[in-house]
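Take 1 as the starting number for the sequence shown in full-length UniProt numbering and just add one per residue. The beta carbon of each residue, even a glycine, is placed where N, CA and C say it ideally should be. Here the structure is a predicted model, which is why all the values come from computation and not from measurement. Working notes for the structure below.
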Amino acid sequence: MSIHDLDFLKEKVEGLKEAGVYRKLPVLNGRNSSTIILDGKEMVNLSSNNYLGLANDPDLKEAAKKAIDKYGVGAGAVRTIIGNMDLHEELEKKLAEFKKSPRAFIFQSGYDCNVGTIQAITEKGDLIISDELNHASIIDGIRMTKADKAIFKHSDMEDLERVLKENEGKYKNTLIITDGVFSMDGDLAKLPEIVELAEKYNALTYVDDAHGSGVMGSHGRGTVDHYGLHGRVDFVIGTLSKAIGVKGGYVACNEAAYEWLNHRARPVLFSTTLSPADTAACIASVEKLIKTDELQVKLWDNAKYFKEKLGKLGFNTGHSETPITPVIIGDEAKSMEFSRKLREYGVFGSAIVFPTVPRGTGRVRCMISAAHTKEELDKAVDAFEKAGKDLGII
Ligand code: PMP
């Protein structure tokens, strides 16, 4: 028991309540799929990154069970102390094949992957140039290095070139970092232009494709594949927790980067790696993606169907180019209220507010999955219509 009552934290939480942005996390009873049971009630789920429905795939579950029987439930220690299980190496090989990359290096999460990779590959005397809307894990990775940083306006190529020009010749390495798919708006990075600028100014490139892997490009190989840029991006990050359906992260990179990460990425040196069950399920998942693009086709079909219906109702769904469908409300408290209303109508769509998105751009972000049936999507659209009318949004 603490001897302090930590009133300073209590006051902060009270502040959240007064601003209408306090959240009590819902409790899922059972699996995470296209529908979920929340606090005992079945709902259409629009809040999961399970883009392809693989989180409940029978082949993945079977692979995980077999791995538990053969390997147990824990990896035992950090990789640099106990070594890799053969499963970990197999997953890295499969990921490299999938991403058409010389190597792939796995981490415990996409978050760890960004933090660990950025911190390991940059140092004092380097410059990192980062899109202003890059994911928090990129920002945290940048905080952990002694490299200088510069921010360019979101997807603004003139601004990126201005920063590159101003700093030409001043640094040992310059690294441009961008999300491949921006997770809050669903827009794509202008990768072809970024790569051209990087080549012109001799900069390295780093793409966090957490929301592009499994979704964009042939068989879900990602935004680099979508734009035909294989071999022209130095570091491509993916997560195993979204479309792949399990847990973990990886960076597709070359041999030199692989070797260096093995020696210097802090999450590798100081934190235990993926469990055998997670690793085996990831292998089964990547094998499935290599074999067929059936799930991507279903995902894109569902996304188009849902977006068109919401657009017709008059909602502002922003400028997404991917299955991520933001319904932008603006006011933060109203976004939270809208999300609560949706739940009353049997749909779980989370409100996203500051600090995850800038103030005044509150929204309910809908994540469409290949697992959704058309009936489930219709039910969701009905709920949006009712909730939107209740709150005077449409
Ligand atoms: N990068 C981006 C762009 C993300 O959206 C996320 C997940 N929110 C991550 C990295 C972190 O991935 P993970 O959940 O696997 O830690």
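Residue i classed as buried or exposed, judged by whether at least 16 other C-beta atoms fall within 10 angstroms
i: T322; result: buried
i: L240; result: buried
i: F354; result: exposed
i: N202; result: exposed
i: D131; result: buried
i: N29; result: exposed
i: S2; result: exposed
i: F384; result: buried
i: N254; result: exposed
i: K99; result: buried
i: Y22; result: exposed
i: D39; result: exposed
i: A19; result: exposed
i: H88; result: buried
i: R31; result: exposed
i: I82; result: exposed
i: H226; result: buried
i: L6; result: exposed
i: L25; result: exposed
i: G392; result: exposed
i: R266; result: exposed
i: H263; result: exposed
Residue i - DSSP class collapsed to helix/strand/coil
i: V233; result: coil
i: S48; result: coil
i: Y250; result: strand
i: G314; result: coil
i: V357; result: coil
i: T80; result: helix
i: K41; result: strand
i: residue 449; result: Because the chain here runs from 1 to 394, residue 449 falls outside it and cannot be looked at.
i: T279; result: helix
i: I329; result: strand
i: V268; result: helix
i: G238; result: strand
i: L133; result: coil
i: I36; result: strand
Host beta strand (DSSP E) of residue i (start-end)
i: F107; result: 103–107
i: A150; result: 148–152
i: D208; result: 204–208
i: I121; result: Note, I121: premise wrong, no beta strand (DSSP E); alpha helix (DSSP H) at 110–121.
i: L25; result: It is not in any beta strand (DSSP E) - L25 carries neither H nor E in the DSSP assignment.
i: D57; result: Unbroken run through D57: none, as it is neither H nor E.
i: G388; result: Here G388 belongs to no beta strand (DSSP E); instead the alpha helix (DSSP H) covers 374–390.
i: D179; result: 174–179
i: G362; result: 362–367
Terminal residues of the alpha helix (DSSP H) in which residue i lies
i: S339; result: 332–344
i: D140; result: 136–143
i: D225; result: 223–226
i: D350; result: In the sequence as displayed, the identity of residue 350 is Ser instead of Asp. Taken as a continuous stretch (DSSP letters only), S350 belongs to no alpha helix (DSSP H), as it is neither H nor E.
i: V13; result: 7–18
i: L160; result: 157–166
i: L261; result: 255–264
i: V195; result: 191–200
i: A96; result: 86–99
Checklist entry - Is the region 94–113 close to the region 122–130, with three or more CB pairs under 8 Å? => result no
Checklist entry - Is there contact between the region 205–213 and the region 329–339, where contact requires at least three CB pairs shorter than 8 Å? => result no
Checklist entry - Counting Cβ pairs, one atom from each stretch, are 3 or more of them under 8 Å apart for the region 276–295 and the region 132–149? => result no
Next on the checklist: Pairs of beta-carbons, one from the region 361–375 and one from the region 30–49, closer than 8 Å: are there three or more?
Outcome noted: yes
Checklist entry - Any contact of the region 180–197 with the region 323–332, i.e. 3+ C-beta pairs under 8 Å? => result yes
Checklist entry - Touch check for the region 261–274 and the region 77–88: three-plus C-beta pairs under 8 Å? => result yes
Checklist entry - Are the region 209–226 and the region 66–86 touching, with three or more C-beta to C-beta distances below 8 Å? => result No, the region 209–226 does not touch the region 66–86.
Next on the checklist: Would the region 278–292 count as touching the region 349–363 if we require 3 or more Cβ pairs under 8 Å?
Outcome noted: no
Checklist entry - Are three or more beta carbon pairs between the region 308–319 and the region 285–292 nearer than 8 Å? => result no
Item to check | Touching by the beta-carbon criterion (3+ pairs, under 8 Å), the region 145–164 and the region 112–127 | outcome: Yes, the region 145–164 touches the region 112–127.
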